[in-house]
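Report on the structure given below.
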Amino acid sequence: PVGYAVYNGKANSPWTSRNMGILGTILLIFIVIHMNNFWAQYHWGDFPYAKYEISLTDPHDVTVTPIPFTGEKIENAEYVDSDKHVKVLIARDLYKIVAESFKQWWYVALYVFAMAALAFHLVHGFRSAFQTLGWDHKKYVPLIRFIGEWIFGLLIPILFAAMPLYFFFFK
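Per this note's numbering, the sequence shown starts with residue 67, numbered consecutively.
In structure tokens:
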């Protein structure tokens, strides 16, 4: 008798290929949380404002004054105060919200975890895209793997993870 053919996934495919569903779900949850905490809050939430006074004589001389949210929406206001010789800009203070969010350890952990999932996702996707397009020639594979794994798959997520870590440890 002839035995059944057995598919050994571990021997025939990398871990990232076998777990795209899990990685994609992690990224979807992260995107929903991120969009809710920053994008939606920026557009519809009780977002603080900041008043930037930029010197007309020295543009590097900037004074920032926080303006608490009073319930009144202020569109980006820009004008010149000739008495003080400054250009005044009033805008929503996204920096403050980001800095406050990334002081919470669990939020930083979520971002770092999501960026690790993104790294695995990008490494697999970059390699698979070239294979799907038929650009899987042994002459080009080492270059494609280097760019896909080190530049696209690792550098981008590491840089995205660096921002919450920077705010958590240094701000």
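The beta-carbon is built from N, C-alpha and C at its ideal position, and this holds for glycine as well.
Check                                                                                                                                  : Outcome
7 Å Cβ shell around glycine 214 - same chain, five flanking residues per side excluded                                                 : Val189, Phe192 and Arg193
Where the beta strand (DSSP E) through tyrosine 145 begins and ends                                                                    : 143-147
Serine 121: first and last residue of the uninterrupted beta strand (DSSP E) it sits in                                                : 115-121
Contacts around glycine 137, its chain only, beta-carbon distance under 8 Å, and the 5 residues preceding and following it disregarded : Asp112
Nearest neighbour of isoleucine 140, chosen from Tyr118, Thr129 and Ala157 [CA to CA]                                                  : Ala157
Methionine 181 classed as buried or exposed, judged by whether at least 16 other C-beta atoms fall within 10 angstroms                 : buried
Element boundaries [beta strand (DSSP E), containing leucine 155]                                                                      : 152-158
Leucine 89 and histidine 187 closer than 8 Å at C-beta                                                                                 : yes
For isoleucine 140, three-class secondary structure by DSSP                                                                            : coil
First through last residue of the beta strand (DSSP E) which encompasses proline 80                                                    : Unbroken run through proline 80: none, as it is neither H nor E.
Local conformation of valine 178 per DSSP, three classes                                                                               : helix
Cβ contact check for the segment 193-207 and the segment 156-173: 3 or more pairs under 8 Å                                            : no
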